[in-house]
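Have a look at the structure below, then the notes.
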Amino acid sequence: MSARRLLLAAGLALSASGGAALAGDPALIQVIYHCERGVEIPATYVNAGEASVVVLQAEGRQIALPQVLSASGARYGGNAGYQWWSKGDTARLSWFDPAVTDKEKGEEVTLFAFCKTSP
């Protein structure tokens, strides 16, 4: 299954279930992160090997991001747009300007930091 189809399937599954985890599917992990300024970010991880994605509810929109190579923890996003970094029970959401094609000259802006799951 292509990453594009997986993103679409993940989004449709979340929409159809009202955001609830689908029973009996070990590939879906649903977590709610509590971030600075009292912001909650629900995240659903779709663990599908090389085609893994995370679907976030943030900034009034549903954001589906593919997993990309990371030295430590997990990084979702790509070279432009939203970036989601998670490690253990912490995460952060940032934005990298897609109009800038040279990452050396671009700027990553943290949107929500200090995000942590509830015990």
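Take the sequence shown: its letters are residues -23 to -1, 1 to 96, numbered as in mature numbering (1 follows the signal peptide of the UniProt record, and there is no 0).
Just so you know, even glycine gets a beta-carbon here, dropped at the ideal spot from N, CA and C.
Residues bridged to residue i by DSSP?
i	result
residue 25	DSSP, once it has assigned bridges, lists no residue as partnering residue 25.
residue 36	Partner(s): none; residue 36 has no beta bridge.
residue 63	51 and 68
residue 73	58 and 85
Taking DSSP as the reference, what is the three-state secondary structure of residue i?
i	result
residue 84	coil
residue -1	Low confidence applies to residue -1: its pLDDT is 43, below 50, so where it sits in the model is not reliable, and the reading given next is rough at best. DSSP places residue -1 in coil when its eight states are reduced to three.
residue 50	coil
Going by the CB atoms, is the gap between residue j and residue i shorter than 7 angstroms?
i	j	result
residue 53	residue 31	yes
residue 68	residue 13	no
residue 25	residue 4	yes
residue 40	residue 46	no
residue 71	residue 84	no
residue 94	residue 8	yes
So the beta strand (DSSP E) residue i belongs to, where does it begin and stop?
i	result
residue 8	5 to 11
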